[in-house]
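Chains as they are written, first to last, in the working numbering: chain Y, 1 to 110; chain W, 1001 to 1114.
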């Protein structure tokens, strides 16, 4: 079945550091890929998505590229801010509802 | 983006009682609603999928008689936890989907059963 594996957290970075959160997936067919973010005490918000191979999703300085050959959708940001502290979930959607990874908690310190 | 609300945001109840959680899509029609459960520091686990006017489809291992889901309109779905027990304590999150494939999530309801 479909599954998502993302790097274990927590990840702690200093402000302005470069961020990478790895995500790989297993799926039949051609799923859409998503990154969701959950800020403390809030629900999940869609951060970005990509619907086909080589698509790049981007939002708020975050980027992720749909790599079919490596079945990956790694999240990157060039310079993180304290306000980026949250839990990030990689997810995919094929012919089923969203399937989530376990989430990666990011803490950014000033 | 589209907004989904949940009520209540948190609830404490005694063991054996029932609790109802409401999920509303505020500015779009949610033809499909999803209910998830999230344990501390864990991912979201899909409990059930419901289409407006139809019976919900439950995931394997989820007791449909314990977690009653109603999706009576395109903007409202409810989850009722019947005869709640401490092991039902969790964070419950709903998600609505309209015509597109994007799911919009509510802020979640934290349930504590004493």
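We put the CB at the ideal spot given by N, CA and C, even for glycine. In this text the structure is predicted, and so the values were computed from the model without any measurement.
With 16 as the cutoff for other CB atoms within 10 Å, does residue i come out buried or exposed?
| i | result |
| --- | --- |
| residue 35 of chain Y | buried |
| residue 1027 of chain W | exposed |
| residue 1035 of chain W | buried |
| residue 1162 of chain W | The question about residue 1162 of chain W has no answer, for chain W in this structure spans 1001 to 1114. |
| residue 49 of chain Y | buried |
| residue 1065 of chain W | exposed |
| residue 1067 of chain W | buried |
| residue 1088 of chain W | buried |
| residue 1100 of chain W | exposed |
| residue 82 of chain Y | exposed |
As a quick exercise: from the options, pick the residue whose alpha carbon is nearest that of residue i.
| i | options | result |
| --- | --- | --- |
| residue 1043 of chain W | Y/63, Y/31 and Y/9 | Y/9 |
| residue 1054 of chain W | W/1017, W/1098, W/1081 and W/1070 | W/1070 |
| residue 100 of chain Y | W/1045, W/1102 and W/1081 | W/1045 |
| residue 78 of chain Y | Y/49, Y/13 and Y/69 | Y/13 |
| residue 85 of chain Y | Y/57, Y/19 and Y/24 | Y/19 |
| residue 1003 of chain W | W/1104, W/1078 and W/1038 | W/1104 |
| residue 1102 of chain W | Y/51, Y/74 and Y/21 | Y/51 |
| residue 2 of chain Y | Y/21, Y/28, Y/17 and Y/81 | Y/28 |
| residue 55 of chain Y | Y/73, Y/22, Y/21 and Y/17 | Y/73 |
| residue 1086 of chain W | W/1111, W/1038 and W/1059 | W/1111 |
Hey, would you say residue i sits closer than 9 Å to residue j, going by beta carbons?
| i | j | result |
| --- | --- | --- |
| residue 112 of chain Y | residue 76 of chain Y | Missing from the structure shown is residue 112 of chain Y; chain Y here goes from 1 to 110 and no further. |
| residue 1084 of chain W | residue 1062 of chain W | no |
| residue 94 of chain Y | residue 30 of chain Y | yes |
| residue 26 of chain Y | residue 71 of chain Y | yes |
| residue 121 of chain Y | residue 47 of chain Y | With chain Y covering only 1 through 110, there is no way to say anything about residue 121 of chain Y. |
| residue 1012 of chain W | residue 1092 of chain W | no |
| residue 1090 of chain W | residue 1106 of chain W | no |
| residue 15 of chain Y | residue 87 of chain Y | no |
| residue 1080 of chain W | residue 1009 of chain W | no |
| residue 92 of chain Y | residue 33 of chain Y | yes |
| residue 24 of chain Y | residue 4 of chain Y | yes |
| residue 1108 of chain W | residue 1029 of chain W | no |
What did DSSP end up calling residue i once you bin it into helix, strand or coil?
| i | result |
| --- | --- |
| residue 4 of chain Y | strand |
| residue 15 of chain Y | coil |
| residue 1062 of chain W | coil |
| residue 1003 of chain W | coil |
| residue 1081 of chain W | strand |
| residue 85 of chain Y | coil |
| residue 1087 of chain W | helix |
| residue 1054 of chain W | coil |
| residue 1106 of chain W | coil |
| residue 80 of chain Y | coil |
| residue 1049 of chain W | strand |
| residue 24 of chain Y | strand |
| residue 102 of chain Y | coil |
At the 9 Å Cβ level, is residue i part of the contact set with chain A, yes or no?
| i | result |
| --- | --- |
| residue 1029 of chain W | In summary, chain A is missing from the structure at hand, where the protein chains are Y and W. |
Between residue i and the ligand ZN, is there a pair consisting of the residue's CB and a ligand heavy atom that are separated by less than 8 Å?
| i | result |
| --- | --- |
| residue 94 of chain Y | Looking at this structure, you won't find the ligand ZN or any other ligand, since it has none at all. |
The stretch 1100–1112 of chain W: which residues have C-beta closer than 9 Å to a C-beta of chain Y, in chain order?
-> Per Cβ criterion, the list reads 1101, 1102, 1103, 1104, 1105, 1106, 1107 and 1108.
Using a Cβ-Cβ cut-off of less than 7 Å, list which residues of the stretch 1037–1051 of chain W approach chain Y; keep chain order.
-> 1042, 1043, 1044, 1046 and 1049
Residues of the stretch 77–91 of chain Y with Cβ closer than 8 Å to any Cβ of chain W, in chain order | 89
Within 8 Å of chain Y by C-beta, residues of the stretch 1059–1079 of chain W in sequence order | none
Members of the stretch 24–35 of chain Y near chain W, C-beta cut-off 9 Å = 32 and 34
Interface positions of the stretch 38–67 of chain Y facing chain W (Cβ-Cβ less than 9 Å), listed along the chain | 38, 41, 42, 43, 44, 45, 46, 49 and 51
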